[in-house]
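*Asks:*
In the working numbering, the protein residues as written are 11 to 635.
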């Protein structure tokens, strides 16, 4: 009788188990569903582009767009290998976007949701293009292989090719007929283009242009890459209306999440004390690039000069100090640069007042530079986060709580085209693209002007949009844009105007450009080694008198230039930095054998950060040193 009771109980249990599978299945987590609709991934993937601004903290000093008292080792072209500093792009691509982006693409392809699949692949191409330029070789083919604990690295050349293939596939998907009725599913989660597939197609073509432009100093650029760049440019961004930006809600102190505010806004305060405008940015945009004694490295002083204490270089590229002469003044300095002048914002619509603002830049690691104390990017004292006791949310320009993240602009694409035509020997076409690029950046700059309130010290820009527009037209029609002839156009005109257009949101791409021209070092073309443009104590850089120098007035930190005689970390063996090491807590903890196998310099070598990446190496990469 007892045995029968047990059998009955077991039978009942089995019956209960059969009818209540869902209830008792403890292996199914209802809070972590096995399947998520593709569009739900989109907003989080796009939001994580704020990581780009995180890592500008590292490359901003390397490009001299920023001074810093935080990332001082990057400012001096070295950094601690056992640190995750400069590792946010790695984290973004492999983790924050990571499998979410892979799932979005794969699910969308399986469901023939071609618009979603195309957007996903365009995003993937953009992110990986940026990541490889930053780090060099990467785990790509094995990046998302399940249950794999170590990952082999792919060559940068292969990654470059794959980036373009992803972009072309994105275009193919976006151009396919898509019968799905998405409603607002895509538009409400796409913080870049609101689901506009035509703009995403232009975006993908622009990624290809940007990718190919970074190869412009390779020996086979004209024959192998330039024609494709020019062809894709005709289908890429066609006006500033196509610019790729990520919308940010920007709720200031009332926000429940700090990420609702721009990383560079006043609420998060990341540019308040530790980062400040560099003297080189001030020199370029004010036309006050000094003249140096090539023997001593000292700047020539000019007596009885207050604001411009140094003699100007014989030939300016972007603008000059003749602000009283129509067209010589570049109004972008009143927006892109910060000043503590006009603290009460009374004269923001007065041209003479705006033109007379004083701008000061820092040295590499100090807010007190040779020409004054540097204001913060918010236009306030570098040691003060806010004006007053309250976070007003009003920094200036793109340094505001509600400012978008800038990913890529039409102006940048036009400068890529100008450089390609210049390398091809088609100077008339190069000049046309150059002029269009400058005018596009003037328009881009104006878009994000938020004038302050006259009589109130609550922040904002110290110039109105109307005044900026007037001065911008004068500048565009002046000697530094329309006044340049095809015969006068130089590579410096193109690249320095591109540097201004990228300032400082595009510091990553500016660093690409500076590295492919090898920081204007007297570089032989071989891999980093002593007597190849540098020694253990001195960088042999081109002086401004050298016609082949691209970035006039630019000198690396340990160069024989006033205030810049420090040495790199001894582990650099005298070389400047050409890449950022992979993320420490990822690769140097778990993937050391793959790092050690990298050529021509092992990823575990002391000077791996000095290894010139494939895109910046003129010819074929050497197998070994």
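All C-beta atoms in this analysis are idealised placements derived from N, C-alpha and C, irrespective of residue type, glycine included.
Quick check: what's the CA-CA separation for residue 267 versus residue 183?
*Replies:* Whole-angstrom Cα-Cα distance: 35 Å.
*Asks:* Would you give the residue range spanned by the beta strand (DSSP E) that residue 8 belongs to?
*Replies:* No information on residue 8 is available, as it lies outside the stretch 11 to 635 that the chain covers here.
*Asks:* Is the distance from the Cβ of residue 219 to the Cβ of residue 243 below 8 Å?
*Replies:* In contact: residue 219 and residue 243 (Cβ atoms closer than 8 Å).
*Asks:* Quick check: what's the CA-CA separation for residue 454 versus residue 614?
*Replies:* Going by the C-alpha atoms only, they are around 42 Å apart.
*Asks:* With 16 as the cutoff for other CB atoms within 10 Å, does residue 33 come out buried or exposed?
*Replies:* For residue 33, the predicted model reports a pLDDT of 45, less than 50, meaning its position is unreliable and no value from the coordinates is stated.
*Asks:* If you check the beta carbons only, do residue 440 and residue 421 fall under 8 Å apart?
*Replies:* It is not a contact, given that the beta carbons lie outside the stated cut-off.
*Asks:* Name the DSSP beta bridge partners of residue 372, please?
*Replies:* Residue 372 pairs with 288.
*Asks:* Looking at residue 367: is its Cβ nearer than 8 Å to the Cβ of residue 384?
*Replies:* Contact flag unset, no.
*Asks:* Are there 16 or more other CB atoms within 10 angstroms of the CB of residue 463, so buried, or fewer, so exposed?
*Replies:* With fewer than 16 Cβ atoms within 10 Å of its Cβ, residue 463 is classed as exposed.
*Asks:* Between the Cα of residue 473 and the Cα atoms of 443, 346, 580, 514, which residue gives the shortest distance?
*Replies:* Minimum Cα distance to residue 473 is reached at 346.
*Asks:* Tell me which residue opens and which closes the beta strand (DSSP E) that residue 517 is part of.
*Replies:* Where residue 517 is concerned, there is no enclosing beta strand (DSSP E), although the alpha helix (DSSP H) it sits in stretches over 517-526.
*Asks:* Across which residues does DSSP place residue 612 in a beta bridge pair?
*Replies:* The partner list for residue 612 (beta bridge, DSSP) is empty, contrary to what the question assumes.
*Asks:* Taking just the CA atoms, how far does residue 124 sit from residue 190?
*Replies:* Residue 190 and residue 124: Cα-Cα distance of roughly 9 Å.
*Asks:* Is the stretch 45-52 close to the stretch 118-132, with three or more CB pairs under 8 Å?
*Replies:* Yes: the two stretches touch, three or more of their Cβ pairs being nearer than 8 Å.
*Asks:* For the stretch 212-286, list the beta strand (DSSP E) runs that are entirely contained and at least 3 residues long, ordered along the chain.
*Replies:* For the stretch 212-286, whole beta strand (DSSP E) runs of length 3 or above, ordered along the chain, are 254-256.
*Asks:* Applying the criterion that 16 or more other CB atoms from any shown protein chain within 10 Å of the CB defines a buried residue, is residue 86 buried or exposed?
*Replies:* It is buried - the Cβ of residue 86 has at least 16 other Cβ atoms within 10 Å.
*Asks:* For residue 542, I'd like the list of residues in its chain whose CB is within less than 7 Å of its CB, leaving aside the five on either flank, ordered along the chain.
*Replies:* Closer than 7 Å at Cβ, skipping near neighbours: 533, 534, 536.
*Asks:* Measure the C-alpha to C-alpha separation of residue 394 and residue 352 and round it to an integer number of angstroms.
*Replies:* Because residue 394 sits at a pLDDT of 49, beneath the cut-off of 50, its placement in the model cannot be relied upon, and the following sentence gives the value as read from the coordinates. Distance between the alpha carbons of residue 394 and residue 352: 17 Å.
*Asks:* Return helix, strand or coil for residue 363, following the three-state DSSP convention.
*Replies:* Of the three classes helix, strand and coil, the one that applies to residue 363 here is helix, per DSSP.
*Asks:* Could you spell out where the alpha helix (DSSP H) holding residue 66 opens and where it closes?
*Replies:* Per DSSP, residue 66 belongs to the alpha helix (DSSP H) from 60-72.
*Asks:* So, with DSSP's three-state summary, where would you put residue 552?
*Replies:* In this structure, residue 552 counts as coil in the three-state DSSP scheme.
*Asks:* Taking just the CA atoms, how far does residue 252 sit from residue 515?
*Replies:* Residue 515 and residue 252: Cα-Cα distance of roughly 17 Å.
*Asks:* Am I right that residue 502 and residue 560 are in contact with their C-beta atoms under 8 Å? What's the rounded C-beta distance?
*Replies:* Going by Cβ atoms, the distance from residue 502 to residue 560 rounds to 6 Å, so yes, they are a contact pair.
*Asks:* Taking one C-beta from the stretch 190-205 and one from the stretch 596-605 each time, how about it: are there three or more such pairs within less than 8 Å?
*Replies:* No, the stretch 190-205 does not touch the stretch 596-605.
*Asks:* Mapping DSSP to helix, strand and coil, what is residue 407?
*Replies:* Three-state result, residue 407: coil.
*Asks:* Is residue 721 near residue 528, with beta carbons less than 8 Å apart?
*Replies:* In the structure as shown, the chain starts at 11 and stops at 635, and residue 721 therefore has no counterpart that could be examined.
*Asks:* Go ahead and pull the three-state DSSP assignment for residue 201.
*Replies:* Here residue 201 sits in coil by DSSP.
*Asks:* What does a CB cutoff of less than 6 Å around residue 427 pick up in its chain, not counting 5 residues either side in sequence?
*Replies:* Within the same chain, residue 427 has close Cβ partners 243, 443.
*Asks:* Select from 283, 171, 148 the residue whose C-alpha is nearest the C-alpha of residue 80.
*Replies:* Ranking the options by Cα distance to residue 80, first place goes to 283.
*Asks:* Give the C-beta separation of residue 511 and residue 563 to the nearest angstrom, bearing in mind that I take them to be a contact with Cβ-Cβ under 8 Å.
*Replies:* Not quite, the Cβ-Cβ distance comes to about 17 Å (not below 8 Å), so this is no contact.
*Asks:* Could you please give the first and the last residue of the uninterrupted alpha helix (DSSP H) stretch that includes residue 51?
*Replies:* Note, residue 51: alpha helix (DSSP H), 49-57.
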